[in-house]
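Here is the structure we will look at.
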C-alpha cells in the first residue's frame, strides 16, 4: 500500500533531540477477535512469567507421533505473504511458518535469542537536543507541505525543511550519535530456503525491505542503523534510548535474493515472488482466497544444530527440534459458520475466532476441545475526530459512557472476553501502569455504562454546538459474527437515545482493512469497530491507534492526533530512565491512559481472549497470546516446551 513519507515517518519536535513521539510497535489488525519481560540489565536470557495460557495441554515426549498434514482454518484472507507488507493479524499465522527473527517470545512475553545465539544491550545514552541536525539533508515537499524523499525518512525537521534518511544514519552512528546499541551474535549454519547461509550482512540489510513498506512506521520510529561487525556479529542502533528495543529492533531476516531482487511490493505468490525465510516450513502453493500449502524445510537450522545450541534451553531430552507434522494446509474460510462446519466435518483440524456461542459445544464434545489464552488485544471504536460533531470530545465521551461493556462481554462473547474499562490490557500492565488495579478503579466510573452521565455530556455538547439531532452515523466493521453483533448492540444503545440514529455496515476483513486505511477515509464520518492485536509492550496499545505517525497504517484510520499524550508516551519509552526504571514507565503511562479517557478519540470495548477450537486428533496444541501466532506457536515453540502432533487413529 503506497503512502508518502509524511504518513509513515517521524515528525521532529524540539522538546528533545529533533525526534518524534514514538509510533507503533509491531501491532496488527485483528479481524477475528512481538516485547520483553522487563529485564533491567539489557541481556535477555529467558525467565519465567505468569503463563496466560489457561489449562495448558502437556505432551509426553515419548508419545509424540511424526508426520501428517495439519489442516488450519483461517478466518480472513492473507493480505500479504510478506510480514513487511502485512497489517493483518490473521496473516501472521502464515508468516510464522516461513520467516524468523533474531529473537522470539514465549506466551508470557519473555524475550529469548533465536536466530541470534546471544542478544545483548551494549550501550544506552541520552541524545542531546539537535544531535541529528548536522547529518540532515534538505527535502522536497508535496502538495500538502509534507516533507518527502525517495529514501526512507527516519526523522523529519519540518521547521528547517530537512530530513535524516537511511543514507545519513551511518554517519551519525560513526560519530557516536545514537540512543541505544544492541549486539547479536548469530548462530552459524542457518540456511534460507533457497540455500543461502544467513550472515550478519543479511540481518543488517533486511531493514532495506522495511523501507517505505506497509509497516515502516513500526520500525523507523526507533531503528537508526545496523552494521555487520563480522560474518556472524551485527550491531543494531536505535535513534534514542528505548525501553522496548530488545523486542522491537530485531527485524524479520530475509535472504539476499529477496533484498536485492524483489521489488517494493513484498514476497507474495500473487506477485510471482516466492516467500523465502529460515523458518521450519517452505511455501509450496497458493490458490487465491482458498488455500495455501507449506511443507517441512528439510535443512532447517535447529534440526542441524540441535536444541543445545540455544543457550537458554533446559527442556527434556528428546524434545523435537522442529514441528513434527510434514505439511500444513491453510484453508481460508471467512464465514464463521462455514468454518465451524468444516471443523465438525473433519475438513480442518484447528481454527480460532469462531462465534462464542459454539464454545460450550466444543468444550463438552468428546472429539473436540477448546484452547483458551488471555490475549494482548482489545476491540475498539474509532471516531471520525476531524468531522463535526465528533471533533468535540464531549460527544465522544458521552458515547463512551453509553457503551454496555459488561453486556457485550457476557451476552455476545459469553464471558470469554472482559470489559475494557481502561485502554490497557492486564497482560501489558507490569510496565504499563504503576498500579493497574488502582487505575481500573479510577477510570471505571468514566467508562462503564452510565446513561445519566452520558446524557448530560451529550446535551451540553449538542446545545453548545447547535447540532441537529438525531446525529446520523454508520458503524463499519468486519463480517465476524460476534463483531457484527457487538456493533449492532452499540448502534441500538446509541439510537435508543434522542441524540443518535446509528446504522451498521459490514465488510469482509481484508476489504475492510483496505477501505479504512484509505488516505481519505477519515473524511467520511464513519465510526470504525475493529480489533487490535498489540504486543507485550504497553506502548503498542497507545501508539497504534493514537499516534499521527500511524495515520494510513495500522491502526490510525481517522487521523487521530494527541500530541500532548505523545510527549508523555515518548518519555515512557524513549528515555534512559524508562530503559532502566520500569516504575517510571508505569507512572508515565498512567498519565497517558487517563488522558485517553478524557479525550476519547477511541472507545475500548472488551479485552480479548484467543480461543482455538480443534479436533482431539491434534494433540498438545496451546494457543498463543496474540492471534497472529496461534498456528506456528502451537506447532512448535521451545521457549514454552510447546509441541503438538497429529494422532488420527
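Numbering (my numbering), first residue to last: 9 to 657. A virtual CB, placed ideally from N, CA and C, is assigned to each residue, including glycine.
Exposure label - residue i; buried when at least 16 CB within 10 Å
| i | result |
| --- | --- |
| residue 144 | buried |
| residue 176 | buried |
| residue 439 | buried |
| residue 377 | buried |
| residue 69 | exposed |
| residue 142 | exposed |
| residue 237 | exposed |
| residue 534 | buried |
| residue 30 | Low confidence applies to residue 30: its pLDDT is 36, below 50, so where it sits in the model is not reliable enough to give any reading. |
| residue 560 | buried |
| residue 230 | buried |
| residue 624 | exposed |
| residue 374 | exposed |
| residue 580 | buried |
| residue 41 | In this prediction, residue 41 scores a pLDDT of 34, lower than 50, which makes its location untrustworthy; the coordinate-derived value is nonetheless stated afterwards. Buried: at least 16 other Cβ atoms inside 10 Å. |
Proximal residues to residue i (C-beta, below 7 Å), its chain only, five neighbours per side dropped
| i | result |
| --- | --- |
| residue 160 | 173, 174, 219, 220, 224, 228 |
| residue 452 | 429 |
| residue 521 | 37, 87, 95, 96 |
| residue 363 | 344, 489, 490 |
| residue 292 | 301, 302, 303 |
| residue 638 | 101, 360, 618, 620, 631, 632 |
| residue 640 | 101, 104, 105 |
| residue 611 | 388, 389, 407, 408, 411 |
Same chain, Cβ closer than 6 Å to residue i, neighbours up to 5 away in sequence not counted
| i | result |
| --- | --- |
| residue 493 | 420 |
| residue 258 | 109, 110, 111 |
| residue 554 | 568, 570 |
| residue 600 | 550, 573, 576, 577 |
Pair within 8 Å by beta-carbon distance, residue i and residue j
| i | j | result |
| --- | --- | --- |
| residue 412 | residue 512 | no |
| residue 90 | residue 276 | yes |
| residue 261 | residue 630 | no |
| residue 469 | residue 400 | yes |
| residue 613 | residue 289 | no |
| residue 132 | residue 203 | no |
| residue 308 | residue 339 | no |
| residue 195 | residue 315 | no |
| residue 546 | residue 436 | yes |
| residue 616 | residue 573 | no |
| residue 171 | residue 139 | no |
| residue 608 | residue 404 | yes |
| residue 422 | residue 367 | yes |
Spatial neighbours of residue i in its chain, beta-carbon cut-off 8 Å, leaving aside the 5 residues before and after
| i | result |
| --- | --- |
| residue 342 | 83, 84, 85, 487, 516, 517 |
| residue 58 | 116 |
| residue 298 | 339, 340 |
| residue 567 | 393, 394, 530, 556, 559 |
Spatial distance of residue i from residue j (CA atoms)
| i | j | result |
| --- | --- | --- |
| residue 296 | residue 303 | 18 Å |
| residue 648 | residue 232 | 32 Å |
| residue 335 | residue 651 | 15 Å |
| residue 235 | residue 190 | 11 Å |
| residue 353 | residue 369 | 15 Å |
| residue 594 | residue 433 | 13 Å |
| residue 510 | residue 618 | 29 Å |
| residue 211 | residue 282 | 19 Å |
| residue 323 | residue 245 | 33 Å |
| residue 2 | residue 460 | The chain is shown from 9 up to 657; residue 2 falls before or after that span and cannot be answered. |
| residue 508 | residue 476 | 10 Å |
| residue 205 | residue 537 | 44 Å |
| residue 149 | residue 169 | 8 Å |
| residue 333 | residue 653 | 6 Å |
| residue 250 | residue 127 | 15 Å |
| residue 642 | residue 119 | 18 Å |
| residue 125 | residue 320 | 10 Å |
| residue 458 | residue 447 | 19 Å |
| residue 582 | residue 592 | 12 Å |
| residue 635 | residue 239 | 35 Å |
| residue 181 | residue 248 | 12 Å |
| residue 588 | residue 505 | 49 Å |
| residue 199 | residue 317 | 15 Å |
| residue 310 | residue 539 | 35 Å |
| residue 467 | residue 483 | 22 Å |
| residue 597 | residue 215 | 29 Å |
Minimum Cβ-Cβ distance from residue i to chain C less than 8 Å
| i | result |
| --- | --- |
| residue 556 | Among the protein chains of the structure shown there is no chain C, as only one such chain exists. |
Practice task
Any chance you could list the alpha helix (DSSP H) runs of at least 4 consecutive residues sitting entirely within the region 442–503, in chain order?
Solution key: Taking 4 residues as the minimum length, the alpha helix (DSSP H) runs contained wholly in the region 442–503 are 444–455, 459–473, 489–503, in order along the chain.
Problem - Whole beta strand (DSSP E) elements within the region 76–114, 3-residue minimum - result: Unbroken beta strand (DSSP E) stretches of 3 residues or longer found wholly inside the region 76–114: 77–82, 111–113, given in chain order.
Handout entry: Whole runs of the alpha helix (DSSP H) within the region 570–602, excluding any shorter than 4 residues
Key = Counting only runs that start and end inside the region 570–602, the alpha helix (DSSP H) elements of at least 4 residues fall at 571–581, 584–588.
Exercise for the section: Run through the region 226–278 for me and flag every whole alpha helix (DSSP H) of 4 or more residues, listed as ranges in chain order. Expected result: You should have 253–256, 264–269.
Practice task
List in chain order: all unbroken beta strand (DSSP E) runs of 3+ residues lying wholly within the region 353–408.
Solution key: Counting only runs of at least 3 residues, the region 353–408 fully encloses the following beta strand (DSSP E) elements, listed from N- to C-terminal order: 358–360, 376–390.
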